[in-house]
Amino acid sequence: MFTLNEYNKDIGNRVKELRELSDITIQDFAEELDIDETMYKQYENGEVDIPASFLCEIANKFQVDLGLLLTGEETRMNIFDVTRANKGISVERRKEYKYENLCTKFIDKKAEIFIVTVDPKEDTVPSLNSHPGQEFNYVLEGSLKLYIHNNEITLNKGDSIFFDSSHRHAMVALNNEKAKFLAIIM
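In the working numbering, the protein residues as written are 91 to 276.
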């Protein structure tokens, strides 16, 4: 069984290999991704967890499937890809969110699909994030506050939202309870 650190290093090594095969320097790639070079090096060296949105952006830049970055295996399913309950690949272990990728083996996906768990936090100042594309969220459990484009939107179980994810956004669990939502990133 992999430790979290080994998993991070494996993903970082795959990113590094793609970058080197594309003949791109660390400095140039960090600049292209609009990220601090030191932080990029930490991602590539597996020293810190790589956010799911960042992995999606890297996969798009190199025109590879996210599943390849996560598992090291080429995607090969072209009719369907079943993920059993609680068996998705854990993608992000940042303090704010836990991501479970629900589709890692389907080739040429048009979207990335996650179950995201947000634990309640004492401090309610969220860390805003953005990534190219669009995002759909459907609340499965609990209540959330979505921060986006100077708006604060409360979402309860059964509510959904579709938005331009290039705008900085974040989710915070409400009522001191864990919340879960389905996220589809396109």
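Cβ coordinates follow ideal geometry from the N, Cα and C atoms, glycine included. Note that this is a predicted model, so its numbers are computed, not measured.
query = How big is the Cα-Cα spacing for residue 227 and residue 244?
reply = 12 Å
Per-residue DSSP class, three states only, for residue 139 = coil
query = What beta strand (DSSP E) runs, 3 residues minimum, are completely inside the stretch 185–255?
reply = 187–191, 202–208, 224–231, 233–238, 241–246, 250–254
ask   = With 16 as the cutoff for other CB atoms within 10 Å, does residue 218 come out buried or exposed?
value = exposed
ask   = How close, in whole Å, do the beta carbons of residue 306 and residue 160 come, if the pair is a contact with beta carbons under 8 Å?
value = Residue coverage of the chain in this structure runs from 91 to 276, which leaves residue 306 outside it and unanswerable.
ask   = Grouping DSSP H, G and I as helix and E and B as strand, with all else coil, what is residue 269?
value = strand
message = Please state whether the Cβ-Cβ distance between residue 181 and residue 234 is less than 8 Å.
response = no
message = For residue 119, count the other beta carbons within 10 Å of its own beta carbon; 16 or more makes it buried, fewer makes it exposed. Which is it?
response = buried
request  = Please state if the CB of residue 188 and the CB of residue 232 are separated by a distance shorter than 8 Å.
outcome  = no
query = Can the beta-carbon of residue 167 be found less than 8 Å from the beta-carbon of residue 200?
reply = no
request  = Return the CA-CA distance between residue 115 and residue 225, expressed in angstroms with no decimal places.
outcome  = 30 Å
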